[in-house]
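So the sequences go chain by chain: X and R. Residue numbering for the first sequence follows UniProt numbering, starting at 1 and increasing by one per position. Residue numbering for the second sequence follows UniProt numbering, starting at 1 and increasing by one per position. Glycine residues also receive a C-beta, built at the ideal position from the N, C-alpha and C atoms.
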Amino acid sequence: MRFIRSIAIVTILPAGLVTAWWFVSLGSDNFFWPPLRDILGTVPSTWLEGRLQADVGPSLLRLAVGYLLALLIGVPTGLAIGLSTPLRQYCEPVFEFLRSIPPPVLVPVIILFAGIGDTMKVVVIAFGCVWPILLNSVEGARAIDEVLHDTTRIYRLSPVSRFRHLLLRGASPHIVTGARQALSIAVILVVISEMFAASNGLGFTIVQFQRSFAIPQMWSGILLLGAIGVTLAFVFRLVENRVLAWYFGLRRKQ
Amino acid sequence: MTLTPVLAVDHVKKVYTTGTRHVEAVRDLHFDVARGELVCVVGPSGAGKTTLLRCIAGLMDVTAGEVRLEGSAISGPPRGMAVVFQEYGRSLFPWMTVRGNVELPLKEKKVPRARRTVLVDEALATVGLDHVHDSYPWQLSGGMQQRVAIARAVAYEPHILLMDEPFAAVDAQTRADLEDLIRELWARLRVTVLFVTHDIDEAVYLGERVLVLSNSPTVVLEDVRIDLPGERDQLGTRALPRFAELRAHVYGLVQQAKRGVRAVPADASPAGQTLQYERKPS
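(1) Would you check if there are 3 or more beta carbon pairs closer than 8 angstroms linking the region 32–51 of chain R to the region 189–204 of chain R?
(2) Is E184/R buried or exposed, if buried means 16 or more other CB atoms sit within 10 Å of its CB?
(3) What's the gap between the Cα of A198/X and the Cα of G100/R?
(4) Terminal residues of the continuous alpha helix (DSSP H) containing I133/X?
(5) Can you tell me where the alpha helix (DSSP H) with Y155/X in it begins and where it stops?
(6) Beta-carbon separation of I81/X and V18/X under 8 angstroms?
(7) For a contact defined as C-beta to C-beta under 9 angstroms, what are the partners of S161/X on chain R?
(8) For the beta strand (DSSP E) holding L194/R, just list the boundary residues, first then last.
(9) Evaluate V239/X with the Cβ neighbour count: other Cβ atoms within 10 Å of its Cβ, from every protein chain shown; 16 or more gives buried, anything less gives exposed.
(10) Relative to the C-alpha of G230/R, which residue among V33/R, A187/R, R262/R and Y251/R is closest?
(11) Report the neighbours of L59/R on chain X: residues whose CB is nearer than 9 angstroms to its CB, in chain order.
(12) In this structure, what does DSSP give as the bridge partners for A8/R?
(13) My output table needs one value for V212/R: the three-state DSSP class, helix, strand or coil.
(14) Is the shortest distance between the beta-carbon of H174/X and the beta-carbons of chain R less than 8 angstroms?
(15) Could you tell me which chain R residues have their CB closer than 7 angstroms to the CB of W246/X, listed as they occur along the chain?
(16) Quick check: L161/R and L69/R, are their CB atoms within less than 8 angstroms of each other?
(17) In whole angstroms, what separates the C-alpha of R225/R from that of A257/R?
(18) Report the partner residues of H149/X according to the DSSP bridge assignment.
(19) Alpha carbon to alpha carbon, how far is Q255/R from L106/R? Give it in angstroms, no decimals.
(20) Between which two residues does the alpha helix (DSSP H) containing V105/X stretch?
(21) Given V12/R, which residues of its chain have a CB within under 8 angstroms of its CB, disregarding the five upstream and five downstream residues?
(22) Please go through the region 70–119 of chain R and give each complete beta strand (DSSP E) segment of 3 or more residues, from N-terminal end onward.
(23) Let me make sure I understand the geometry here. Which of M81/R, S135/R and T97/R has the alpha-carbon closest to that of K109/R?
(24) Taking all protein chains shown into account, do 16 or more other C-beta atoms lie within 10 angstroms of the C-beta of Y136/R, making it buried, or fewer, making it exposed?
(25) Say whether chain R places a C-beta atom closer than 8 angstroms to the C-beta of R169/X.
(26) I need the straight-line Cα distance from F85/R to V204/R, nearest angstrom please.
(27) What does L79/X reach in chain R if we use C-beta pairs closer than 7 angstroms?
(28) Starting from the beta carbon of G249/X, find every residue of chain R whose beta carbon is closer than 8 angstroms, and list them in chain order.
(29) Sort out for me which residues DSSP pairs L162/R with in a bridge.
(30) When you compare the CB of V124/X with every CB in chain B, is at least one pair closer than 8 angstroms?
(31) Look at the alpha carbon of A268/R and the alpha carbon of E24/R, and state the distance between them as a whole number of angstroms.
(32) Flag V147/X as yes if its beta-carbon sits less than 8 angstroms from any beta-carbon of chain R, otherwise no.
(33) According to DSSP, is D223/R part of a helix, a strand, or is it coil?
(34) Taking the alpha-carbon positions, what's the N136/X to S184/X distance?
(35) For a test of the three-state rule: what should DSSP assign to Y16/R, helix, strand or coil?
(36) Can you give me the C-alpha to C-alpha distance between Y277/R and R242/R, rounded to a whole angstrom?
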C-alpha cells in the first residue's frame, strides 16, 4: 500500500504535465510548437529504425567512458590530496581556477591535440566531471575520523587495505555527492561535445533536426534526452542506496 | 617469576614542538610490564596518560628514551599489540558488520579462513555477543560496541593489550560488567594488559599493579602493588578493608600529583608494609 502511494506521489505531477501538454498543444498549428501527439508519433520512425544504435549508443558510450575516467582519476587523487593538509593548501587555488573554467570553452583547445573524434568528446566529459568528484573526495578524506586512522595503524593494515577499507568507504558519502553532481554534468557535456565537429550522437542528431526544420523530431530527441537523464538518476539512486546503506542507517540512528 | 618484560618503557620523554614553543608532556617514564601482568596506569587529568599510551602504541614518536616490546625497540605500531580506544563509536568501522570489524585485522595478518572463523566466533562469544555478528556497530548500545572493540583485540591474539580509558564513556552498570569481562579475559587468556584510566577505584579493582603518574611533565610517582585476591567481584572485593586502604593510598597519591608533587619519599609509602599484618590466611 505504501509502495503504491509512493509511486503515485512520484508520478502524479509528471503525468499531469504531460496530459496538460497533450491537450493544450492538440490544436496547435504553430510550426515550432507541434502537438505532442505529432511529436510522439514521430518517435518510432525517428529513433527505432537504426538511430538507437547509430546515435544513442555512441552517446551513451562516450558518457560512460568519460564519467568512469573522471571517477578513476578524481577519487584517488582527491583522497590522496585530502590526506595531506599542506598538499591540499597548495592545490586548492589551482583547482578553484580549473573548476571554474566552463568545459565547453575547452572544446576548441582539446580538438587541437585530441582531434575531432571520440577522444575529444570523452576528454571534455571527463574534464567537466572530474572536479566535483575530486573536490568532494578531498572533503571525504578529511572527514574520516582520526581514531579510525589510528585503528588501521594499530592493526597494521597495508596501504592497499587502508585505501579499500578506510579511505574509499569512509569518504564514500562525500564521493557519492560529487558523483551525483558529475552525472548531470556528464549528460550536459555529452550533448555539447557532440554539437562540435561530430558525425553522430544525440547532440549531433538534435541539432541536425533543428537545422533541417524537422521540428517534431527535434522535440522527440529532447524528450529522449530527458528520459535518459531520469533513467541514469534512477540507476544512480539504486547504487547509492546499496553503497551507502550503512551511512543512511547511521544517520537515522543519530 | 622474573621473566624478561613484555613491555619496557625506558626513560621515555616526550616534548611537543609547535613552531618555536616546546611543551614537555612526559619527563621521564620508566617501568616494565612482565608477561601476563595486568597493570593499570592512573593519574590526574592532564597527566599525559594518553600521550604515554600513544608512545607505547607506536602512534607517536618519543623525544628521548625508548619503548621496547619483547626486547626490540618500537618505531610505529608493533606486531602483536592491540589497542582498545576510549571512543568505541569512532574506532569501529561503521560500514562493516560486527563480524567484518573483528575479522579485518585477521585477514590482514593472513590468518587462513578456517582459523579466522574460529577466532572470530570465539572472540564474539567471549564478550557475550554471539547473536549480533551481522549487525552494524551503530545498531548496538555503547557498551556492546566497546565489547566488539574488545573482541576485535582478543581475536587478534595480541601479546600485549593496551586500553586507553576504554570505559570512560559507558554508564556505570555497563562499566562494572566490562571491568569483570577484562579480569575474566585476562585470567583466561593470560594476555598482558596495560590499562590506562583516570578512575582510581577502577585501577585498584582491575590491576595487579597500579602505576600512579604525576601531573605533566610526567614521571611515575609510585608503583603500587595490588595484593587483593585474584578472584575479584564487584561486591566482595570492593567491600574488603584492603581495597579501601589501597584505594585511599592511591587516592592520596593522585591528590599529591595534582598539587604538583613529583617524587614520594620512600618511607611515606605505607601500602607495601600494611600488607604484612592486614592479610589473613584464608
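With the structure as the only source:
(1) yes
(2) exposed
(3) 50 angstroms
(4) D118 to R142
(5) No alpha helix (DSSP H) contains Y155/X, which DSSP labels as neither H nor E.
(6) no
(7) L104, K107 and E108
(8) T192 to T197
(9) exposed
(10) A187/R
(11) D150, R153 and I154
(12) D32/R and R68/R
(13) strand
(14) no
(15) P94, W95 and Y136
(16) no
(17) 18 angstroms
(18) H149/X is not bridged to any residue.
(19) 43 angstroms
(20) Taken as a continuous stretch (DSSP letters only), V105/X belongs to no alpha helix (DSSP H), as it is neither H nor E.
(21) V26, D28, L29, H30, L52, C55, V62, A64, G65, E66 and V67
(22) 81–84
(23) M81/R
(24) buried
(25) yes
(26) 20 angstroms
(27) Here the premise fails: no neighbours, minimum Cβ distance about 15 angstroms.
(28) Y136, W138 and Q139
(29) V83/R and L194/R
(30) No chain B is part of this structure, whose protein chains are labelled X and R.
(31) Because the pLDDT at A268/R is just 48, under 50, the model does not fix this residue reliably, and the point stays unresolved.
(32) yes
(33) strand
(34) 15 angstroms
(35) strand
(36) At Y277/R the pLDDT is 35, less than 50, meaning the model places this residue with poor confidence and gives no usable figure here.
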